[in-house]
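Visitor: Following this message is one structure expressed as structure tokens.
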Amino acid sequence: MFYVAGVFGEDWNVTYETESICALKGSTVNMSCSYRYPEQYNLIDTFWIKKPDVEIKSLKEYPEYKDRVEYIEDRKSKTAILRLHNVTQNDEREYCFRLVTEIEGKKWIGKEGIHLNVYALQVKAPQLVLEKQTVNLTCETTCSLTDGFIWYKNGQTLTIQSETLQLQSERSDSGHYSCSARGHEHLPSPAVNPPQSVSVSISPSGVIVEGDSVTLSCSSDSNPPALIFSWFKENQSSAVGSGQSLSISSFNSSHSGHYYCEAQNKHGSQRSASVSVTVKAVYTLFMKNIILPTVIFFVFKEKQKDEKHKRFNGVSGEKMFFFLLIVYCSWR
Numbered sequence: 125m126f127y128v129a130g131v132f133g134e135d136w137n138v139t140y141e142t143e144s145i146c147a148l149k150g151s152t153v154n155m156s157c158s159y160r161y162p163e164q165y166n167l168i169d170t171f172w173i174k175k176p177d178v179e180i181k182s183l184k185e186y187p188e189y190k191d192r193v194e195y196i197e198d199r200k201s202k203t204a205i206l207r208l209h210n211v212t213q214n215d216e217r218e219y220c221f222r223l224v225t226e227i228e229g230k231k232w233i234g235k236e237g238i239h240l241n242v243y244a245l246q247v248k249a250p251q252l253v254l255e256k257q258t259v260n261l262t263c264e265t266t267c268s269l270t271d272g273f274i275w276y277k278n279g280q281t282l283t284i285q286s287e288t289l290q291l292q293s294e295r296s297d298s299g300h301y302s303c304s305a306r307g308h309e310h311l312p313s314p315a316v317n318p319p320q321s322v323s324v325s326i327s328p329s330g331v332i333v334e335g336d337s338v339t340l341s342c343s344s345d346s347n348p349p350a351l352i353f354s355w356f357k358e359n360q361s362s363a364v365g366s367g368q369s370l371s372i373s374s375f376n377s378s379h380s381g382h383y384y385c386e387a388q389n390k391h392g393s394q395r396s397a398s399v400s401v402t403v404k405a406v407y408t409l410f411m412k413n414i415i416l417p418t419v420i421f422f423v424f425k426e427k428q429k430d431e432k433h434k435r436f437n438g439v440s441g442e443k444m445f446f447f448l449l450i451v452y453c454s455w456r
């Protein structure tokens, strides 16, 4: 109980239930007090105010409060409750109870009121998670909660009810984790997860010709979003680039190989599967698209002319035709 004394010679006071109170962001909180005033005065108004403020006026007069505030009062028992809905971070301040009588100057503010602290839950996880390693996820809050916690994986409730969730970092443990305070299950923390489903896309997506510009892009599913991207080429010990995209101008045979990216946020990292990037030399394309089709065409024409003997340069024209056709298709 917190008591505020009255002025000398008059029986004024406000007794607050507590000096401070914690409330979860988005929840409803009650702040209560009891009061006393001189019986010779008639009480004409009571309301709650915020401190500090440039003027003394009811919370209901503020646009940011008026639709979220309830005053619950019993003048017979001289008790009052301030009920504040959908608490926000901006509500974090001190609140006091105000008494007003019909006599000018006979007003009273219960100074040193109730200080409201607003907290939001968040899941804290190690920055780097290795497979088979024990990992502790902690449901963090700035207030002391005695009612316990509830953990969720991909929206499904887990059996653990403590502040810390321990995992063995198996592949089956991958998922989106969040927590809530018991009694406030409808207000869970934002879900967090290290990067998942990391993949690489290539542009252009078709045949890469020597001299082309090639861009590799890395994407992932994570919360918060991955901000650190590293690029690797197989058989090279160090990274070959950074950033969500890797651009290679004038692509040549030395650039050919298998590439993969690594995405990282504050909860961990994951690598993509490797993708093969291969250059097609101009002479290879010339052979495939010009010379070989031309040879196939002439072989086919000779095959038609030589239908009686079915021989071409000592080799069956039909066999030669199908052989060249298979070679052509394999090059494509």
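Following this note's numbering, the numbering of the sequence shown begins with 125 at its first residue and continues without gaps.
All C-beta atoms in this analysis are idealised placements derived from N, C-alpha and C, irrespective of residue type, glycine included.
#1: State yes or no: is the C-beta of Ala315 within less than 8 Å of the C-beta of Leu148?
#2: Going residue by residue through the region 144-189, where are the continuous beta strand (DSSP E) segments of at least 3 residues, counting only ones entirely within it?
#3: Just to confirm the assignment, what range does the beta strand (DSSP E) spanning Ile352 have?
#4: What whole-angstrom Cβ distance do Leu340 and Val324 have, given they're in contact under 8 Å?
#5: Given the structure, does Ser362 come close to the ligand MG, in the sense that its CB is under 7 Å from one of the ligand's heavy atoms?
#6: Measure the alpha-carbon distance for Asp466 versus Gly150 and round it to whole angstroms.
#7: Going by DSSP, which residues form a beta bridge with Arg395?
#8: When we look at the beta-carbon of Arg199 and count the other beta-carbons within 10 Å, is it buried (16 or more) or exposed?
#9: Kindly list the residues whose CB is nearer than 6 Å to the CB of Leu291, restricted to its own chain and excluding five residues on each side of it in sequence; keep chain order.
#10: Suppose contacts are defined by Cβ-Cβ distances below 8 Å. Is Pro328 in contact with Asn389 by that definition?
#11: Report the three-state DSSP secondary structure of Asn214 (helix, strand or coil).
#12: CA-CA distance, Gln280 and Ser362?
#13: Let's test the definition: count the other Cβ atoms within 10 Å of the Cβ of His391 and tell me whether it reaches 16, buried, or not, exposed.
#14: Output the residue ranges of the beta strand (DSSP E) runs that lie fully inside the region 277-307 and measure 3 residues or longer, sorted by chain position.
#15: Would you say Val211 and Ser313 are within 8 Å of each other, going by their C-beta atoms?
Guide: This is what the structure gives:
#1: For the purposes of this step, residue 315 is taken as the residue at position 191 of the sequence shown. For the purposes of this step, residue 148 is taken as the residue at position 24 of the sequence shown. It is not a contact, given that the beta carbons lie outside the stated cut-off.
#2: 144-148, 153-160, 167-175
#3: Sequence index remark: in the sequence shown, residue 352 carries index 228 (1-based). Here the beta strand (DSSP E) through Ile352 covers 352-357.
#4: Taking the sequence shown and counting its residues from 1, one reaches residue 340 at position 216. Taking the sequence shown and counting its residues from 1, one reaches residue 324 at position 200. With a Cβ gap of about 6 Å, Leu340 and Val324 count as contacting.
#5: For the structure depicted, the ligand MG is absent and the ligand set is empty, with no information on it obtainable.
#6: Outside the displayed span of the chain (125 to 456) sits residue 466, for which this structure offers no information.
#7: In the sequence shown, the residue the question calls residue 395 occupies position 271. Answer by DSSP bridge pairing, in chain order: Glu386.
#8: Locating residue 199 in the sequence shown gives position 75, where the first residue counts as 1. Exposed: under 16 other Cβ atoms inside 10 Å.
#9: If you number the sequence shown from 1, residue 291 lands on position 167. Closer than 6 Å at Cβ, skipping near neighbours: Val259, Asp297.
#10: Locating residue 328 in the sequence shown gives position 204, counting from the first residue. Locating residue 389 in the sequence shown gives position 265, counting from the first residue. In this structure, Asn389 does not lie closer than 8 Å to Pro328 by Cβ.
#11: Locating residue 214 in the sequence shown gives position 90, where the first residue counts as 1. Asn214 falls in the helix class under three-state DSSP.
#12: Within the sequence shown, residue 280 is the residue found at index 156, counting from 1. Within the sequence shown, residue 362 is the residue found at index 238, counting from 1. Near 40 Å, if we compare the C-alpha coordinates of Ser362 and Gln280.
#13: For the purposes of this step, residue 391 is taken as the residue at position 267 of the sequence shown. Buried is the call here.
#14: 288-291, 301-305
#15: Walking along the sequence shown from the start, residue 211 turns up at place 87. Walking along the sequence shown from the start, residue 313 turns up at place 189. It is not a contact, given that the beta carbons lie outside the stated cut-off.
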